[in-house]
Amino acid sequence: MKRSLGGIGYVLREQRRPGRDGAMRRRLTALIVTIGALLAVAAPAHAAPVAGVNAQDQSYLRGAHQANLAAIAAARIAIRKATEQDTRDLANRWLTDHTKLDNDLRPVAKKLGVDLPARPDTTQQATLNRYEQTSGSSFDGLWVTTQRQGQASYRRLIEAEVTSGQNAEVKALARQASPVVAAHAASLDDSAPAVGAAPGQVDSGRGISPGNRPTIAATLAAIGLAFLVGSAWLWRRRSAGHLE
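Note that the sequence shown ends on residue 329 in this note's numbering; no numbers are left out.
The structure is reproduced here in structure tokens:
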């Protein structure tokens, strides 16, 4: 009798299992899809291997190109909107210098097979948008403050390339840009007091620096992977329990 009842219980468990397992599989599948989408958004786009250049070379070419695009766009806005002649003079220098730097950079990137972004990054574009929304003397202060940050970011790109780059042509571009960026930074420091942008001032709208993004993305990836593995283990354990 006990054996008969036990057999009935086993059959009932087996009949219930497909539905429960199916629901668990659907939840796990949805979880995998969600985590995959999050990781795709969070992870930085890794450059495909290019002969003759390492990851640092590619990072410099792309980052410097975007910095040039942002500086050129910022210069054009300042020429149109600045209230101080000093700011307009700086903007005209930016337009000349960053156009030349980018004209020298683009043929090297093309020769090496490195694809360049078509526009400034999201943080740079947000700053350009702020310029358009600001007017009067406040514009000059904002422009000088944010351009000091932009030139500092460019300098970090240069230092990273000179230290860790592999390709001689790309490193030469970085060395060529170094005195230009240093001169720009010095001019901005000189102009800062006149427009109310004190030297060393940090703009709260700066956002996450490019150098931190890979670390943040890697952390999110690790958390997502651990969650996925834990969920899979829990599902297998529950499935094993149904078979007992």
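We put the beta carbon where it would ideally sit given N, CA and C, even for glycine.
Pro-202 beta carbon less than 8 Å from that of Gln-151: Working through the sequence shown from its first residue, we reach residue 151 at position 66. Working through the sequence shown from its first residue, we reach residue 202 at position 117. Cβ distance < 8 Å, so Gln-151 and Pro-202 count as in contact.
Helix, strand or coil at Val-280 [DSSP, three-state]: Taking the first residue of the sequence shown as 1, we reach residue 280 at position 195. DSSP, reduced to helix, strand and coil, places Val-280 within a helical segment of the structure shown.
Pairwise C-alpha distance: Gln-261 and Gln-143: By 1-based counting over the sequence shown, the position of residue 143 is 58. By 1-based counting over the sequence shown, the position of residue 261 is 176. Counting only the Cα atoms, Gln-261 lies some 17 Å from Gln-143.
For Asp-187, the first and last residue of its enclosing alpha helix (DSSP H): What you label residue 187 is simply residue 102 of the sequence shown in a count that begins at 1. Asp-187 -> alpha helix (DSSP H) spans 170 to 197.
Asn-153, DSSP secondary structure in three states: As a working mapping, residue 153 is identified with position 68 in the sequence shown. Three-state result, Asn-153: helix.
Buried/exposed call for Asn-188, threshold 16 Cβ in 10 Å: As a working mapping, residue 188 is identified with position 103 in the sequence shown. Flag for Asn-188 reads exposed.
For Gln-30, the first and last residue of its enclosing alpha helix (DSSP H): Absent from the model: residue 30. The displayed extent of the chain is 86 to 329, so no value can be given.
Local conformation of Ala-167 per DSSP, three classes: Looking up residue 167 in the sequence shown gives position 82. It is coil, neither helix nor strand.
Outcome for Ala-268 when other beta-carbon atoms lying within 10 angstroms are tallied against a minimum of 16: The residue you call residue 268 lines up with position 183 of the sequence shown. Classification for Ala-268: exposed.
Cα-Cα separation, Ala-271 to Arg-233: Against the sequence shown, residue 271 aligns to sequence position 186. Against the sequence shown, residue 233 aligns to sequence position 148. In this structure, the straight-line span from the alpha carbon of Ala-271 to that of Arg-233 is close to 9 Å.
Gly-148 beta carbon less than 8 Å from that of Asp-258: On the sequence shown, position 173 is the one that residue 258 refers to. On the sequence shown, position 63 is the one that residue 148 refers to. Residue identity differs from the one stated: residue 258 is Leu in this sequence, not Asp. Pairing Leu-258 with Gly-148 gives a Cβ-Cβ distance that is not under 8 Å.
Integer-rounded CB distance, given that Ala-167 should sit under 8 Å from Ala-173: Numbered from its first residue, the sequence shown carries residue 173 at position 88. Numbered from its first residue, the sequence shown carries residue 167 at position 82. The sequence as given places Arg at residue 173; Ala does not occur at that position. 5 Å between Cβ atoms; contact.
Pair within 8 Å by beta-carbon distance, Val-266 and Arg-240: For the purposes of this step, residue 266 is taken as the residue at position 181 of the sequence shown. For the purposes of this step, residue 240 is taken as the residue at position 155 of the sequence shown. Pairing Val-266 with Arg-240 gives a Cβ-Cβ distance under 8 Å.
Helix, strand or coil at Pro-202 according to DSSP, with G and I counted as helix: Sequence index remark: in the sequence shown, residue 202 carries index 117 (1-based). Collapsing the DSSP output to three states places Pro-202 in coil.
Length of the line joining the Cα atoms of Val-193 and Val-255: Position 108 of the sequence shown, counted from the start, is the residue given in the question as residue 193. Position 170 of the sequence shown, counted from the start, is the residue given in the question as residue 255. About 7 Å.
Alpha helix (DSSP H) runs contained entirely in the region 213 to 252, provided each spans 4 or more residues: Counting only runs of 4 or more, we get 222 to 249.
Separation of Gly-221 from His-183, as counted between CA atoms: The count along the sequence shown starts at 1 and reaches residue 183 at position 98. The count along the sequence shown starts at 1 and reaches residue 221 at position 136. The alpha-carbon atoms of His-183 and Gly-221 are separated by roughly 25 Å.
Burial state of Gly-226, where buried means 16 or more other Cβ atoms lie within 10 Å: For the purposes of this step, residue 226 is taken as the residue at position 141 of the sequence shown. So Gly-226 counts as buried.
Contact under 8 Å by Cβ, Ile-164 with Ala-156: One-based indexing of the sequence shown puts residue 164 at position 79. One-based indexing of the sequence shown puts residue 156 at position 71. Against a cut-off of 8 Å, the Cβ pair of Ala-156 and Ile-164 comes out as no contact.
Beta carbon of Thr-231 nearer than 8 Å to that of Thr-212: One-based indexing of the sequence shown puts residue 231 at position 146. One-based indexing of the sequence shown puts residue 212 at position 127. Yes, the Cβ-Cβ distance between Thr-231 and Thr-212 is below 8 Å.
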